[in-house]
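Protein chains in written order, with my numbering: chain A, 109 to 358; chain B, 109 to 358.
There are 2 protein chains.
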Amino acid sequence: MEDMNAKFAHVTADAGANSPDLALVARLIGDDTRAAFCLALLDGRAWTATELARHAGVAASTATEHLNALVAGNLFAEERQGRHRYVRLANQQVAELIENLAAIAPERATPVSSLSAANRRSALAHARTCYDHLAGVVGVAIAEAMTERGLIDWGRGLRLTGAGGAWLADLGVEVQANSRRPAVRSCLDWTERRPHLAGAVGAALCHHAFEHGWMSRVGSTRAVTITDAGRKALSSGLCLPEEILTRRHS
Amino acid sequence: MEDMNAKFAHVTADAGANSPDLALVARLIGDDTRAAFCLALLDGRAWTATELARHAGVAASTATEHLNALVAGNLFAEERQGRHRYVRLANQQVAELIENLAAIAPERATPVSSLSAANRRSALAHARTCYDHLAGVVGVAIAEAMTERGLIDWGRGLRLTGAGGAWLADLGVEVQANSRRPAVRSCLDWTERRPHLAGAVGAALCHHAFEHGWMSRVGSTRAVTITDAGRKALSSGLCLPEEILTRRHS
DNA sequence: CGATCACTTCGGCGCCCGCCGAAGTGTCGC
DNA sequence: GCGACACTTCGGCGGGCGCCGAAGTGATCG
């Protein structure tokens with residue numbers, strides 16, 4: 109039947125007649141500089157144009173052009189403050205798109221250039237924020253510990269168990285009861301290649317950890333260090349072993 | 109604190125030192141022809157190189173080059189059979205990536221060229237497969253009816269209720285109990301801009317509908333028509349109104 | 001075994017797009 | 001007001017990449 113219809117089909121390039129313009133959006137991310145911008149903004153904070161230009165190693169004028177495109181394409185949202193142009197990811201959906209892309213994408217083959225770069229790299233691999241939740245060795249370990257203790261359950265998709273809800277309430281973690289956002293969502297970690305915890309609960313946990321001084325940011329990067337208080341809380345609350353909570357310097 | 113540290117930061121283009129190569133993957137989708145290939149494969153079936161070339165309106169040689177890139181980038185998987193080269197999306201993860209992209213991407217501004225194109229367009233908008241589940245007006249209506257009847261629940265993320273499990277069992281729908289794949293997942297419909305049902309349950313329902321003759325494919329496209337049997341089943345099982353189940357010709 | 005067909009390889013063309021630096025606009029602080 | 005600074009605009013350069021058609025390979029069929 110299919111062959112018969114093919115005979116009568118007009119020779120039309122009907123590829124895009126309707127359908128969303130995938131390429132338009134993908135092209136925005138498909139450039140090394142703009143991709144670097146996206147990854148930088150995954151830390152959930154707003155960056156200025158100059159910061160991004162410096163981070164990606166391009167001229168300010170180049171950064172401006174890229175930002176114009178990204179804002180016009182609704183991937184970034186901007187906010188002008190005096191002489192500064194702050195940008196952030198437009199919304200949750202864009203953040204998830206970039207996470208998905210990052211999970212699929214291969215590691216960039218970049219020789220580690222210096223000692224400080226190696227250090228920064230290892231700090232990121234150990235613990236970092238990923239948009240608004242926690243990633244890296246520690247993030248993955250938390251997700252696995254929560255699984256083992258029956259706080260979350262992976263059978264037929266990720267789900268927060270009753271015990272998990274109680275555990276959060278016990279800790280005093282306030283989960284944003286947003287109607288649309290899933291309570292728990294898995295996010296493939298791009299250093300560990302194993303899932304860590306995202307979604308409303310992931311975000312709430314991360315927020316809670318900052319609020320209670322369990323961890324703090326390393327400079328202005330998205331790397332974080334676990335404090336003594338954090339080590340105490342995580343090892344008693346989730347039985348995370350000491351080796352995982354402390355970063356081994358390379 | 110952040111400002112102080114910034115002063116001491118070295119002037120390095122450390123953008124990609126570590127980190128996944130987003131741009132590499134995004135660039136693969138960021139081309140009109142390759143994007144058309146991706147959308148075509150969203151129907152979940154394997155296409156031959158020539159079919160894709162014709163669909164996108166490019167020469168066979170061009171298609172070959174694109175397919176080489178997409179396979180090398182692990183977005184497509186290929187299977188050689190005699191003189192045919194069949195390709196399909198490499199895995200579930202890629203399919204979801206493309207769905208996410210499609211949900212964000214704007215509609216392609218393409219003037220409808222002919223009557224038959226308009227017809228095809230309206231058929232797709234009414235009911236179509238999206239990878240392995242059902243989309244379009246009908247897909248969205250099913251998801252909403254299931255919500256109203258308490259078979260699925262959106263509070264704190266999408267979840268299959270007890271009643272929903274019972275309903276499926278009652279219908280005789282066999283849900284693949286894959287450990288990793290979520291039972292229910294929402295997928296933003298790009299014609300309706302509202303969510304329809306994906307995940308293991310979405311796939312099982314779609315499979316069930318084909319098996320029981322509730323719907324059938326329109327030629328070799330991913331559009332489907334609801335049969336009389338399907339209208340009966342869906343209106344009695346989910347109280348879907350007749351207007352939604354029958355396509356209004358434009 | 002020769003015709004046909006699906007796919008591939010290659011050379012060459014043209015355009016798109018990312019880059020920069022120089023000059024311009026707007027904001028802030030003194 | 002004047003310098004410093006963040007950002008923007010513009011012209012121009014260069015490389016990358018998507019396209020094609022022609023010629024080649026290998027499978028299939030009569």
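Virtual Cβ for every residue (Gly too), placed ideally from N, Cα, C.
By the Cβ-count criterion, B/Pro128 is buried, with 16 or more other Cβ atoms from all chains shown falling within 10 Å of its own Cβ. Counting other Cβ atoms within 10 Å of its Cβ, B/Asp297 reaches 16 or more and is therefore classed as buried. By DSSP's assignment, B/Phe184 forms a beta bridge with B/Leu197. At a cut-off of 7 Å between C-beta atoms, B/Asn199 does not count as an interface residue with respect to chain A.
The CB of B/Cys146 comes closer than 8 Å to the CB of Leu130 in chain A, given here in chain order. Inter-segment contact for the segment 335-349 of chain B and the segment 244-264 of chain B is present: three or more beta-carbon pairs are separated by less than 8 Å. For B/Ser343, the uninterrupted alpha helix (DSSP H) segment begins and ends at 336-346. Under DSSP, A/Trp155 takes part in a beta bridge, and its partners are A/Val195. Under the DSSP definition of a beta bridge, A/Leu242 partners with A/Thr237. The DSSP assignment places complete alpha helix (DSSP H) segments of no fewer than 4 residues inside the segment 273-325 of chain A at 307-319, in order along the chain. According to the DSSP assignment, B/Thr141 belongs to the alpha helix (DSSP H) that extends over 140-149.
By the Cβ-count criterion, B/His174 is buried, with 16 or more other Cβ atoms from all chains shown falling within 10 Å of its own Cβ. DSSP places B/Glu351 inside the alpha helix (DSSP H), whose first and last residues are 350-353.
Rounded to whole angstroms, the separation of the alpha carbons of B/Ala331 and B/Thr237 is 7 Å. In terms of Cα proximity to A/Ala317, the closest of A/Gln284, A/Pro303, A/Leu279, A/Arg188 is A/Leu279. In the same chain as A/Ala144, and ignoring 5 residues on each side of it, the C-beta atoms closer than 7 Å to its own belong to His163, Ala164, in chain order. Take B/Ala253, set aside five residues on each side of it, and the residues of its chain with a beta-carbon closer than 7 Å to its own are Leu346, Cys347, Leu348, in chain order.
According to the DSSP assignment, A/Val133 belongs to the alpha helix (DSSP H) that extends over 130-137. Burial check for A/Asn176: the Cβ neighbour count within 10 Å stays below 16, so the residue is exposed. Using a Cβ-Cβ distance cut-off of 8 Å, the segment 179-196 of chain B and the segment 184-199 of chain A are not in contact, since fewer than three pairs of beta carbons, one from each stretch, lie closer than that value.
Identification of chain A residues near B/Trp155 by a Cβ-Cβ cut-off of 8 Å yields none; the smallest Cβ-Cβ distance measures about 12 Å. The segment 136-152 of chain B makes contact with the segment 195-204 of chain B; the number of CB pairs closer than 8 Å reaches 3 or more.
Residues of chain B with a Cβ closer than 7 Å to the Cβ of A/Ile334 do not exist, since the nearest Cβ in that chain sits about 18 Å away. Identification of chain A residues near B/Val202 by a Cβ-Cβ cut-off of 8 Å yields Ile212, ordered along the chain. Taking C-alpha positions only, B/Arg153 is separated from A/Ala161 by approximately 43 Å.
If you check the CB distance, A/Leu136 and A/Gly181 come in under 7 Å.
When C-alpha distances from B/Ile334 are compared across B/Ala271, B/Gly273, B/His234, B/Trp262, the shortest belongs to B/His234.
Between A/Ala134 and chain B, the shortest Cβ-Cβ separation is below 7 Å. In the three-state scheme derived from DSSP, where H, G and I count as helix and E and B as strand, B/Ala167 is classed as coil.
The three-state reading of DSSP puts B/Leu268 in strand, counting E and B together. It is roughly 11 Å from the alpha-carbon of B/Pro214 to the alpha-carbon of B/Thr299. Excluding sequence positions up to five before and after B/Gln284, its CB lies within less than 8 Å of the CB of Ala308, Ala311, Ala312, all in the same chain and listed in chain order.
By alpha-carbon distance to A/Ala337, the top candidate from A/Thr329, A/Trp322, A/Ala210 is A/Trp322. Between A/Thr354 and the set A/Val202, A/Ala231, A/Leu183, A/Glu187, the nearest pair of CA atoms involves A/Ala231.
Residues of the same chain with a CB within less than 6 Å of the CB of B/Ala210, apart from the 5 flanking positions on each side, are Trp298 in chain order.
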